[in-house]
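Visitor:
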Amino acid sequence: MAAFWAARGPFGARSGWRVRWDPEAQGPKAAVKPSIRLAISLLLTVVFLALFLSSFDLGAAWRSLGTASPALLLLSVGISLMAYLLRAWRWRVLLSPLKRGVGLYNLTATTFIGFMVSFLVPFRVGEVVRPVLLARRERIGASGALATIALERLFDALTVTTLFLVCVLSSRGSALLAGAEGGPAPGQAALFLRRGMIATAGFVLVGWPLVVLLVAVPDKVVAVLHRLNPGSRAGAVGRAINLVETFAAGLAVVRRGKELAMSLLLSLATWLVIDLSVLCGVRAFGLALSLTDIFLLMVPLAVGIAVPTPGGVGPYEFLAQVSLADFFGVAPGAAAAVALTLHAIALVPTIAIGLLFMWKDGVRPSEVRGLASAGAPAPAGRAAARPAGGGAP
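Counting in our numbering, the sequence shown runs from 57 upward without gaps.
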């Protein structure tokens with residue numbers, strides 16, 4: 057561990073280097089005013105918390121918490137932190153065509169800081185903070201680093217949905233599809249699973265071939281899309297084309313098969329580790345769920361954390377509670393306790409470690425707030441790190 061901290065490179069706390077945000081170099085302002093975004097986030101939080109608390113039994117939840125295994129909960133925390141190291145490793149692979157040998161310390165530190173910001177600030181602005189911080193530390197183009205984040209999200213979505221289909225093919229998934237079991241509302245669970253399976257199968261069948269095409273012939277794919285929609289970029293079709301172009305830019309850094317294969321393997325490893333962490337968390341409460349059951353549970357958990365509330369607070373608890381109760385027949389009180397515990401495991405250690413990295417690296421909260429409030433990175437040419445005390449404040 058001491059060697060790891062010592063290897064933090066020229067941007068460590070002792071070096072005199074500090075990340076700075078130049079307000080004149082920021083990108084375009086967000087289309088939605090910050091006050092409106094905050095209001096939307098708070099409204100979603102209140103609505104989902106109200107739904108969660110409507111069936112919340114404090115006494116039952118407290119009793120369930122009292123029976124949880126501390127050892128399994130600690131194991132769940134430790135395993136969940138391993139996923140961030142795998143994310144950092146995957147990010148290093150994705151960035152390798154831009155710069156070889158990106159420092160593991162910088163990758164890990166900016167990953168934790170970025171997720172910390174996403175957990176504290178709505179609309180996942182940490183996904184902008186993370187690549188811009190790394191681009192400045194490693195002196196690489198901010199636009200290229202941002203493109204890798206879009207690619208990460210695509211790989212994450214494809215991995216989670218593929219594992220979900222694995223669950224559907226398991227004995228538990230077959231039983232839920234048949235509506236034979238799955239809790240107090242098996243019919244509703246079966247209906248949700250059928251619809252989810254259809255949507256997921258469509259996404260996987262389109263997503264994986266799209267990745268292959270964007271790696272092999274990106275220019276031709278984009279040209280075909282432009283011919284299909286030669287007019288304005290406004291509307292859903294235009295936004296979809298812009299999204300495909302973003303993914304194409306990200307995939308440009310993994311044109312070589314070795315990098316792409318390694319990225320996909322690390323994506324699978326990352327989510328298997330996350331699933332294993334969740335499995336330890338639910339097993340701590342004595343729930344006899346299997347790893348393939350977690351493949352199913354992870355879909356609503358991922359949706360909950362992605363809803364634009366700070367850290368997914370509200371949606372995560374509600375969707376976790378409903379899924380545990382409807383799919384696996386968990387009592388509402390126990391389901392609430394598990395939901396709160398899993399969310400705490402996901403949030404608290406990450407926020408604490410992110411704050412620790414900020415302190416060690418001399419990154420001021422005002423600098424992170426500047427990146428978060430801007431909502432867009434500076435152009436790559438003006439995103440270089442500068443010595444602390446030099447240049448504009």
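Note that beta-carbon positions come from the ideal geometry of N, C-alpha and C, so glycine has one too.
Since we're looking at a predicted model, the values are computed, not measured.
Where phenylalanine 220 and phenylalanine 351 are concerned, what is the direct C-alpha to C-alpha distance, given to the nearest angstrom?
Guide: Looking at the two C-alpha atoms, the distance is approximately 5 Å.
Visitor: In angstroms, rounded to a whole number, what distance separates the CA positions of serine 132 and glycine 389?
Guide: Cα-Cα distance, rounded: 21 Å.
Visitor: For glycine 337, I'd like the list of residues in its chain whose CB is within less than 8 Å of its CB, leaving aside the five on either flank, ordered along the chain.
Guide: These residues qualify, in order along the chain: Leu128, Leu129, Ser132, Val394, Thr397, Leu398 and Ile401.
Visitor: Would you say leucine 100 and proline 356 are within 8 Å of each other, going by their C-beta atoms?
Guide: Result no, Cβ atoms of leucine 100 and proline 356 do not sit closer than 8 Å.
Visitor: Could you give the C-beta distance for glycine 157 and glycine 170, rounded to a whole number, given that I count them as a contact under 8 Å?
Guide: Glycine 157 to glycine 170, Cβ: 21 Å. No contact.
Visitor: If threonine 167 sits next to arginine 186, beta carbons under 8 Å apart, how far is it from one beta carbon to the other, in whole angstroms?
Guide: Indeed, because the Cβ distance is near 6 Å, the residues count as touching under 8 Å.
Visitor: Could you pull the start and end residues of the alpha helix (DSSP H) that leucine 345 belongs to?
Guide: Premise fails: leucine 345 is in no alpha helix (DSSP H) and is neither H nor E.
Visitor: Using the beta-carbon count (16 or more within 10 Å), is aspartate 331 buried or exposed?
Guide: Buried, by the Cβ-count rule.
Visitor: Helix, strand or coil for alanine 440, going by three-state DSSP, please let me know.
Guide: At alanine 440 the pLDDT is 36, less than 50, meaning the model places this residue with poor confidence and gives no usable figure here.
Visitor: Could you spell out the range, first to last residue, of the alpha helix (DSSP H) harbouring serine 323?
Guide: Segment 313-339, the alpha helix (DSSP H) holding serine 323.
Visitor: Does the distance from the C-beta atom of leucine 320 to that of leucine 142 stay below 8 Å?
Guide: It is not a contact, given that the beta carbons lie outside the stated cut-off.
Visitor: Rounded to whole angstroms, what is the Cα-Cα separation between arginine 339 and threonine 365?
Guide: Their backbone Cα atoms lie some 28 Å apart in a straight line.
Visitor: Going residue by residue through the region 354-395, where are the continuous beta strand (DSSP E) segments of at least 3 residues, counting only ones entirely within it?
Guide: Listed in chain order, nothing qualifies, since the region 354-395 has no complete beta strand (DSSP E) run of 3 or more residues.
Visitor: Starting from valine 222 and walking both ways along the alpha helix (DSSP H), at which residues does that stretch end?
Guide: That run of the alpha helix (DSSP H) goes 198-224.
Visitor: I need the boundaries of the alpha helix (DSSP H) containing alanine 124, first residue and last residue.
Guide: Note, alanine 124: premise wrong, no alpha helix (DSSP H); not H, not E.
Visitor: Assuming glutamate 373 contacts phenylalanine 108 (C-beta within less than 8 Å), just tell me the rounded distance between them.
Guide: Yes, they are in contact, since the Cβ atoms of glutamate 373 and phenylalanine 108 sit about 5 Å apart, within 8 Å.
Visitor: Tell me whether aspartate 382 is buried or exposed, calling it buried when 16 or more other Cβ atoms sit within 10 Å of its Cβ.
Guide: With 16 or more other Cβ atoms within 10 Å, it is buried.
Visitor: So the candidates are Val404, Gly122, Gly342 and Ser333; which of them puts its Cα closest to the Cα of methionine 354?
Guide: Nearest of Val404, Gly122, Gly342 and Ser333 to methionine 354, Cα basis: Ser333.
Visitor: For arginine 295, count neighbouring C-beta atoms within 10 Å of its own C-beta (all shown protein chains included) and say buried if the count is 16 or more, exposed if not.
Guide: Per the 10 Å Cβ criterion, exposed.
Visitor: Could you pull out every residue in the same chain whose Cβ sits closer than 6 Å to the Cβ of valine 386, ignoring the five residues on either side in sequence?
Guide: Same-chain partners within the cutoff: Leu380.
Visitor: Hey, out of Val177, Leu154, Glu194 and Pro178, whose CA is closest to threonine 164's CA?
Guide: The shortest C-alpha separation from threonine 164 is found at Glu194.
Visitor: Tell me which residues share the same chain as isoleucine 196 and place their Cβ nearer than 6 Å to its Cβ, disregarding the 5 neighbours each side in the sequence.
Guide: Same-chain partners within the cutoff: Leu154 and Lys155.
Visitor: Are phenylalanine 341 and serine 120 closer than 8 Å when you measure CB to CB?
Guide: Going by C-beta atoms, phenylalanine 341 is nearer than 8 Å to serine 120.
Visitor: With H, G and I counted as helix, E and B as strand and the rest as coil, what does DSSP make of alanine 236?
Guide: Because the pLDDT at alanine 236 is just 45, under 50, the model does not fix this residue reliably, and the value given afterwards should be weighed accordingly. Three-state result, alanine 236: coil.
Visitor: May I ask you to report which of helix, strand or coil DSSP gives glycine 418?
Guide: In this structure, glycine 418 counts as coil in the three-state DSSP scheme.
Visitor: Output the distance between the C-alpha atoms of arginine 442 and arginine 192, rounded to the nearest integer angstrom.
Guide: Residue placement at arginine 442 is flagged as unreliable, the pLDDT there being 34, under the threshold of 50; the coordinate-derived value follows with that caveat. Arginine 442 and arginine 192: Cα-Cα distance of roughly 8 Å.
Visitor: If you reduce the DSSP assignment to three classes, tell me which class glycine 157 lands in.
Guide: Correct three-state label for glycine 157: coil.
Visitor: Given leucine 269, which residues of its chain have a CB within under 6 Å of its CB, disregarding the five upstream and five downstream residues?
Guide: Counting only Cβ-Cβ distances below 6 Å, and skipping sequence neighbours, we find Val277.
Visitor: Could you pull out every residue in the same chain whose Cβ sits closer than 6 Å to the Cβ of glycine 368, ignoring the five residues on either side in sequence?
Guide: If we look at glycine 368 and ignore the five residues flanking it on each side, its Cβ neighbours are Gly360 and Ile361.
Visitor: Where does proline 421 land, buried or exposed, given buried means 16+ other C-beta within 10 angstroms?
Guide: Per the 10 Å Cβ criterion, exposed.
Visitor: Closest to leucine 450 by CA distance: which of Val177, Cys223, Ser111 and Phe211 is it?
Guide: Nothing about residue 450 can be read from this structure; the chain reaches only from 57 to 449.
Visitor: What is the DSSP secondary structure of valine 174, counted as helix, strand or coil?
Guide: Per the sequence shown, the amino acid found at residue 174 is serine instead of valine. Reduced to three states, the DSSP call for serine 174 is helix.
Visitor: If tryptophan 327 and threonine 215 are in contact, beta carbons under 8 Å, what's the gap, nearest whole angstrom?
Guide: Sure, about 5 Å apart at Cβ, within 8 Å.
Visitor: Is serine 226 closer than 8 Å to threonine 348 when the C-beta atoms are compared?
Guide: Cβ distance < 8 Å, so threonine 348 and serine 226 count as in contact.
Visitor: What do you get for tryptophan 77, buried or exposed, if any count of 16 or more other CB atoms within 10 angstroms of its CB means buried?
Guide: At tryptophan 77 the pLDDT is 37, less than 50, meaning the model places this residue with poor confidence and gives no usable figure here.
Visitor: Can you list, in chain order, the residues of its chain with a C-beta nearer than 6 Å to that of alanine 139? Leave out the 5 residues immediately preceding and following it.
Guide: The answer, listed in chain order, is Thr326, Val329 and Ile330.
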